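Note that the working numbering has the sequence shown beginning at 5, numbered continuously upward.
Quick reminder that beta carbons are idealized off the backbone N, C-alpha and C, glycines included.
Quick caveat, the model's predicted, so the values are computed rather than measured.
Here's the structure we're looking at; comments come further down.
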Amino acid sequence: MAVLTGSRVNRMKRAMDFLVDLVWARPNGPISSSPTEPIWPESLKTRADTLESAYQLLKEEHAGEIDRVRTVETKLLGISGLSPVAMAVIVAGFTALTNRSIQAFTRISVLLVGILAGYVSLQFLRAILAAITGLKRRSFYAVSLKDLYPRPDEEKQSYLTRNCSELAEVIRENRAEIDFKVTWLDVAHIAIRNAVIGLLLLLLTIIVLAVVQTSP
Numbered sequence: 005m006a007v008l009t010g011s012r013v014n015r016m017k018r019a020m021d022f023l024v025d026l027v028w029a030r031p032n033g034p035i036s037s038s039p040t041e042p043i044w045p046e047s048l049k050t051r052a053d054t055l056e057s058a059y060q061l062l063k064e065e066h067a068g069e070i071d072r073v074r075t076v077e078t079k080l081l082g083i084s085g086l087s088p089v090a091m092a093v094i095v096a097g098f099t100a101l102t103n104r105s106i107q108a109f110t111r112i113s114v115l116l117v118g119i120l121a122g123y124v125s126l127q128f129l130r131a132i133l134a135a136i137t138g139l140k141r142r143s144f145y146a147v148s149l150k151d152l153y154p155r156p157d158e159e160k161q162s163y164l165t166r167n168c169s170e171l172a173e174v175i176r177e178n179r180a181e182i183d184f185k186v187t188w189l190d191v192a193h194i195a196i197r198n199a200v201i202g203l204l205l206l207l208l209t210i211i212v213l214a215v216v217q218t219s220p
C-alpha cells in the first residue's frame with residue numbers, strides 16, 4: 005500500500021482547490037474581521053524623540069490604510085458593475101438556443117454551447133456576489149478629537165505615548181476590516197478570470213461549429 009508523502013498530498017490538495025475554484029471561487033484569505041496583529045504595549049518605556057518618530061510613522065501608516073480601503077472599494081464597485089455583462093451573456097445564450105437556425109446544429113453542439121454559456125454566466129454571478137460581500141457595510145475606527153487634545157499639565161512623552169497607542173489600535177482594527185474586503189476582491193478576480201477563460205472557450209466552440217456546419 006503506497007503512502008502519500010507530505011509534498012504529494014499538498015500538490016493534490018492544491019490541484020483539488022484549483023478545480024473547485026474553477027467552478028465556484030472560494031475565499032483563500034481571512035474572512036474574519038477580528039484583529040490578529042499585536043496591540044500597542046502599554047508598559048512601553050522609551051525616549052520622547054523615539055515616540056515622536058513612532059507617532060509620525062503611525063500617522064503615515066494610517067493615511068496609507070485609508071487610501072488602501074478606497075482603492076479596494078473602488079475595484080469592488082467596478083466588479084459589481086458587471087451585472088449588465090452577465091445579463092447580456094445570459095440573454096445571448098437563450099437567444100442562440102431559441103433561434104430558428106438552431107436546427108442546423110446537433111444536440112451535442114447545442115449542449116456544449118449551452119454549458120459554456122451557463123458556465124460564463126455562473127462565473128460573472130460569483131464575481132458580482134463576491135463584490136457585494138466585500139462592499140458590505142463595515143465598522144471602521146477613527147481617531148477621536150478628544151484623544152488628540154492634550155490633557156492638563158500633560159508632558160510630551162505621555163501625550164505621544166497615549167496617541168501612539170490610540171493610532172496603533174485604530175490601524176489594527178481597520179486593517180482586519182480591509183483584509184476582509186481584499187479577500188473578497190481576490191475571490192471576484194478569480195471568478196472573472198474563470199469567466200474570461202469560459203468566454204474564450206465559448207468563442208472558439210462557436211467558430212469551430214460554424215466552420216463545421218458550413219463546410220460541404
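Boundaries of the alpha helix (DSSP H) harbouring residue 150: 149-152, taken from the DSSP string.
A residue is called buried once 16 or more other Cβ atoms fall within 10 Å of its Cβ, and residue 144, having fewer, is exposed.
When DSSP states are grouped into helix, strand and coil, residue 159 belongs to the coil group.
Here residue 112 is exposed. Its C-beta has fewer than 16 other C-beta atoms within 10 Å. In the DSSP assignment, residue 65 falls within the alpha helix (DSSP H) that extends over 52-84. Counted as a single uninterrupted DSSP element, the stretch harbouring residue 29 is not any alpha helix (DSSP H), since DSSP gives it neither H nor E. With 16 or more other Cβ atoms from the protein chains shown falling within 10 Å of its own Cβ, residue 124 counts as buried. Of the residues 55, 173 and 142, the one whose Cα lies closest to the Cα of residue 182 is 142. In the displayed model, residue 146 falls within coil according to three-state DSSP, outside both helix and strand. Taking a C-beta distance under 8 angstroms as the contact criterion, residue 191 and residue 31 qualify as a contact pair. Using a Cβ distance threshold of 8 angstroms, residue 67 and residue 130 do not count as a contacting pair. Contact between the segment 48-68 and the segment 197-211 is absent: fewer than 3 CB-CB pairs across the two stretches fall below 8 angstroms. In this structure, the alpha-carbon of residue 18 lies about 25 angstroms from that of residue 137. Nearest to residue 198 by C-alpha distance, out of 69, 41 and 27, is 27.
In this structure, the beta-carbon distance from residue 172 to residue 38 does not fall below 8 angstroms. The segment 76-86 makes no contact with the segment 163-171; the number of CB pairs closer than 8 angstroms stays below 3. Inclusion of residue 80 and residue 139 in the CB contact set at 8 angstroms is warranted, their separation being smaller than that value. Cβ-Cβ distances below 7 angstroms link residue 161 to 52 and 55 in the same chain, with the five nearest sequence neighbours on each side left out; the list follows chain order.
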